[in-house]
Structures are given as structure tokens and as C-alpha cells.
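Protein chains in written order, with numbering that gives the first Met the number 0: chain W, 0 to 174; chain H, 0 to 136.
Heads up: the structure comes next, in C-alpha cells.
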Amino acid sequence: MNYLLRGIGVLATVGTISMLAFSLPSGEAHGDSGGDALPRLTHKNWQQECASCHIAYAPSFLPKASWRRMMGGLDKHFGENASLDPATQADILKFLEANAADAGPSKMGRRVMQGMGAKDAPLRITETRWFVRKHDEVPRATWSRKSVGSAANCAACHRQAEQGVFDEDAIRIPK
Amino acid sequence: MIKRLFCSGLAMLGMVAAAAGAAETPASLMARYAQAAGVPVSALSASRGAALYRTEHPGRNAQTVSCASCHTDNPKQAGRTRVGKRIEPLAPAANPERFTDAAKVEKWFRRNCMDVLQRECSAQEKGDFVTWLSQIK
């Protein structure tokens, strides 16, 4: 009897805590559910230009200050010339700033900003604490596999990365 | 004076066409580049274009770099960017969309010539390059 009551008590406590935990971030403007799905964004120049060499990385992966640095140095973009005409460049930056990790109430943005210093402006998403923590179980050798290429190639493992889906179930690490 | 007016008129027309993304063809681009280089189209050379594509230049990490590094030895094949994204084939025979948008062509010549040659390509070089790629069957 005692055990039964205690069991019910434990279940109720666990239930309440988990309900609380899941309902805490509810005042959210973007309904980006519980998974790692990103809000669907559309912006012609961002999609066309940024995605010609790599996937169009979500603006919420980096803070505004990072995007400003990034777009100000496109002629030396990780060792490659990715320069744009000034109008296109300004248009993309405006979009990136408006949707950056520190721009609004996005769940992904909040995660990325955790542990980010006020003056931090990293250029590599892969160097943010959020990314490192999320990928700490991936061995170094996996990143350098020919089928992966580099950690910048999200879609190698996150097969639906281009659609903004980063859920664990959608991951398949290639051989 | 009249000649100068005519030339700037032509240049403006060209700019308008580029801004509008007006449909070009490899042949019309060759004509433009030849004109910009001040040579007849017949002076463009496919073999010089092929050499431009294949010549290795000093690159990063003590490696060499050429157009073929990303676009592969065979421009009818798809290539890969440094982060692994597919690059559609460069040769119009395999990818009819190539060399149909002057602004896009200019953007990629500017970027890639800077990366591979550490300088911009001349109009003659661009003309040679398009000449070579467009005659690949």
C-alpha cells in the first residue's frame, strides 16, 4: 500500500516536473516544436547566394555581430572569394540580422546564445559552445571522412538539413 | 566624340542586359568578351581556354589549385565545393544553363579567378574559357 502510494507520488512528481519542463518555453512566437527543427525561412538572395557553395546556414546559428563580420569579409570567406554586389550583400545581411540568434524569440537562437559572451562574434558555427556540446560524441575521425568532408557539411549526416530539420531521428552518419 | 558616345551607349546597354539577367548564350558572351578584349571572336582560343582550366597554381597548405580542383578533370561531370556541395557541370553540353546569365558568369569569374590565379581574369581569358567549354561535345 505504502509502496503503491509512494509510486503514485513519484509518478505524479515526475509528471509534473516534465510537464513544467516542456511548458516552460511556451511564450514563444515561433512554434518550432520540441525537436531541432528550425523555423522555415524564405529569402531569395539568402537561399540563392549562400546556398551555392554550402547549405544556407540558419541565421539563428550565430548572433548579429557574427553576421556583420561575415558579410563584411566575403572576399576572404574561409579562404575563398565569395564577394557579392553591394545591394545583394546588404539585403542578405538585413535578413540575417533580423533572424540572428540574438534577434528574437527563437528557441534555437536561445540555445546558441547560452554561454556566448556579449562581445563574442564567432565566424564558425562549429566553434560555438552550442555546436561543440551537441556534437561531443562524434569522433574526430568521422568529420574527416571523405563522405563528410568537414563539419561544415551539415547535410552529410543531417539528411534533411536543407529543409531545416536537424532532429536526431533524421541523422545518418555516412561510412 | 561620337565614337565615345556610341561606346558608352553600348556599355550601358550591356550593363542593363546584365542587370536584368537577360538571356545570353555562350556565343553572345564570347562576342562580348572578344569585343571587350578588342579582338575578333575568331581570335578566341579553345586550347588557351583548356590550359587556363587545367593549369595548376600555388594554393593553400602547400597544395596546388586549378579550376579542375573543384570542377573535376572533366567539365561535363559534376564537381564538389570544398564543403562537399555538388557543383553542376560547367560544360553547356552537360548543363544547358551555363553561360546564359551574364551577371552570374561575371560573379563566378571574379571570385574564382581571384581564388585560383590571385587576380582577375582578362576579357580575353574569359572569352577563351567560354570558347573551350562551349565546343565540348
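Every residue gets a Cβ at the ideal spot worked out from N, C-alpha and C, and that includes glycine.
C-beta neighbour in chain W for residue i, strict 9 Å
i	result
Val82 (chain H)	yes
Asp114 (chain H)	yes
Arg118 (chain H)	no
Asn111 (chain H)	yes
Arg59 (chain H)	yes
Arg79 (chain H)	yes
Lys106 (chain H)	yes
For residue j and residue i, the rounded distance between their alpha carbons
i	j	result
Lys106 (chain H)	Ser59 (chain W)	27 Å
Pro121 (chain W)	Ala160 (chain W)	21 Å
Arg118 (chain H)	Asp168 (chain W)	46 Å
Arg85 (chain H)	His76 (chain W)	19 Å
Val111 (chain W)	Ile54 (chain W)	18 Å
Ala26 (chain H)	Tyr32 (chain H)	10 Å
Gln113 (chain W)	Pro62 (chain W)	11 Å
Lys118 (chain W)	Leu73 (chain W)	21 Å
Gly48 (chain H)	Ala67 (chain H)	13 Å
Ala100 (chain W)	Arg109 (chain W)	6 Å
Contact with chain H by residue i, beta-carbon distance below 9 Å
i	result
Ile124 (chain W)	no
Cys156 (chain W)	no
Leu95 (chain W)	no
Glu27 (chain W)	Unreliable positioning characterises Glu27 (chain W) in this predicted model, as indicated by a pLDDT of 35, which lies under 50. The coordinate reading is nonetheless provided below. Not closer than 9 Å to any Cβ of chain H, the Cβ of Glu27 (chain W) fails to qualify, so no.
Asp90 (chain W)	no
CB of residue i within 9 Å of CB of residue j, strictly
i	j	result
Val131 (chain W)	Ile172 (chain W)	no
Ile91 (chain W)	Asn152 (chain W)	no
Ala57 (chain W)	Met115 (chain W)	no
Ser65 (chain H)	Thr54 (chain H)	yes
Status (buried if at least 16 other CB within 10 Å, exposed otherwise) for residue i
i	result
Asp114 (chain H)	buried
Pro138 (chain W)	exposed
Ala81 (chain W)	buried
Pro85 (chain W)	exposed
Glu194 (chain W)	Residue 194 (chain W) is absent from the structure shown; chain W starts at 0 and stops at 174.
His134 (chain W)	exposed
Asp72 (chain H)	exposed
| Segments of 4+ residues assigned as alpha helix (DSSP H) that fall wholly inside the stretch 84 to 141 of chain W | Listed in chain order, the complete alpha helix (DSSP H) runs (minimum 4 residues) inside the stretch 84 to 141 of chain W are 85 to 97, 106 to 112, 128 to 133.
| Where in the stretch 13 to 76 of chain H do unbroken runs of the alpha helix (DSSP H), each at least 4 residues long, occur, reported from the N-terminal end onward? | Runs of the alpha helix (DSSP H) inside the stretch 13 to 76 of chain H: 25 to 36, 45 to 53, 66 to 70.
| field | Within 7 Å of chain B by C-beta, residues of the stretch 65 to 81 of chain W in sequence order | value | The chain inventory of the structure shown lacks chain B, comprising the protein chains W and H.
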